[in-house]
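Worksheet: one structure, shown below.
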Amino acid sequence: MVSVTVKELLEAGVHFGHQTRRWNPKMKRYIFGSRNGIYIINLQKTAQLLRDALSFASEIASRGGSVLFVGTKRQAQEVVVEESTRSGQYYIDQRWLGGTLTNFATIRKSINRLKELEEMDEEESAKLTKKERSRLDKERGKLEKSLSGIKTMGKLPQAMFVVDPHKEKIAVAEARKLGIPVIAIVDTNCDPDPIDFPIPGNDDAIRAIKLFAGSFADAIIEGRAAWEARKPSRESDDQKHAAAQPRSVADRVRAREARRLKVRKQAQVVEPQKVPAVAEKAGSND
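Residue numbers (our numbering): -6 to 279.
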């Protein structure tokens, strides 16, 4: 199981919070004290809560579930893209589009439009005017910027990992509305209450963000490996389940006709064998 030590947290600067004048009183239980006007986060609590969150992320992946990484602040963007991609997950690194989760059907239409534009070949593009090509290039660029990280996400994620829920309030609200568990790095200015798995820590330092995001990527990879290892067993169970399913009326009719055909063929094979035997027997009586 993936684990992170207090020493690693300390070296990454996870313990540095915001200035004491910028804080959320609900974070008091995670604060060790203050130094030079900066809150110091209790890393013992961080380590414990991080263990719980990593275990949960690994469990999600071990069941074949997916995790959406969200980090649109400058310090988090590159890390979020890198670690989500490494673990085969999805990401949002640009401005969160309202309805990304709660109106996913509409977002899917935009994703399909992006794929349509990407699949347009040179021959088709050559038929367009310069103005039309320019307009489509701009449209594709805009869609690519917003949706590239969820382009292959066919359904809602089973969990969401957030860097700075204070900034990503809309994303957190949408996840909560849909019952999607939220894992988040909560700095001393954040409200931890809406977060299912709050992890007290510095959400501004790149090293700290890298440590957290990298740990979750490792946990997901570990869980995914367990999922893949059980694949033959799952396929066997699926086949047994399918065989045990009640057949439809059409299936029963086809099966009945197949049995009748089999009986006819057997009769055709048996009949010629019986006739010579009887004739031979009759001949011997003569």
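Just so you know, even glycine gets a beta-carbon here, dropped at the ideal spot from N, CA and C.
By DSSP, does residue i sit in helix, in strand, or in coil?
i	result
SER77	helix
ILE213	helix
ARG14	coil
PRO225	helix
SER(-4)	coil
ARG88	coil
ALA236	The predicted position of ALA236 is uncertain, since its pLDDT is 48 and thus under 50; a value taken from the coordinates is nonetheless stated next. In this structure, ALA236 counts as helix in the three-state DSSP scheme.
ILE53	helix
VAL7	coil
GLU71	helix
ILE192	strand
LYS148	coil
ASN96	coil
GLU132	helix
MET295	Nothing about residue 295 can be reported from this structure: the residues present for the chain run from -6 to 279 only.
THR122	coil
GLU1	helix
LYS102	helix
ASP197	coil
ASP186	coil
Do residue j and residue i count as a contact pair if the criterion is CB distance below 8 Å?
i	j	result
ALA152	ALA50	yes
SER103	LEU140	yes
ALA54	ARG169	no
ALA46	VAL(-1)	no
PRO36	LEU61	The residue you asked about is not Pro; residue 36 is Leu in the sequence shown. Contact: no.
GLU137	LEU94	no
ILE173	PRO187	no
ARG133	GLU117	no
PHE9	ILE31	yes
TYR83	GLY147	no
PRO193	VAL175	no
THR65	ILE85	yes
GLU215	VAL(-5)	yes
Do you know offhand how far residue i's Cα is from residue j's?
i	j	result
ARG101	ALA212	28 Å
ALA236	ILE33	Low confidence applies to ALA236: its pLDDT is 48, below 50, so where it sits in the model is not reliable, and the reading given next is rough at best. Each residue's Cα considered, the two are about 60 Å apart.
VAL165	PHE209	18 Å
LEU42	ALA219	23 Å
LYS120	LYS144	27 Å
GLY81	SER27	39 Å
LEU204	GLY6	10 Å
THR78	SER59	12 Å
GLU52	LYS124	50 Å
ASN29	GLU167	37 Å
ASN96	GLN68	28 Å
ARG15	VAL(-3)	28 Å
ASN195	PRO18	16 Å
SER127	MET113	14 Å
ALA206	GLU76	6 Å
ILE163	HIS11	22 Å
PHE190	ARG44	10 Å
LEU171	THR122	44 Å
ARG88	LYS131	17 Å
MET20	GLY57	33 Å
ALA177	PRO225	34 Å
LYS38	PHE154	19 Å
SER48	ASN105	34 Å
ARG22	GLU109	50 Å
Any heavy atom of the ligand ADP closer than 7 Å to the CB of residue i?
i	result
GLY10	Looking for the ligand ADP in the displayed structure turns up nothing, as the structure carries no ligands at all.
Going by DSSP, what residues sit across from residue i in a beta bridge?
i	result
VAL155	VAL63 and ALA177
ARG28	ILE31
TYR83	LEU61
Does any CB atom of chain B fall closer than 8 Å to the CB of residue i?
i	result
SER208	The question asks about chain B, but that chain is absent: this structure has only one protein chain.
Inset, instruction - Say whether the stretch 180 to 197 touches the stretch 151 to 159, bearing in mind that this needs 3 or more beta-carbon pairs closer than 8 Å, one atom from each stretch. - result: yes
Legend entry - the stretch 67 to 78 in contact with the stretch 191 to 202 per 3-pair CB rule at 8 Å: yes
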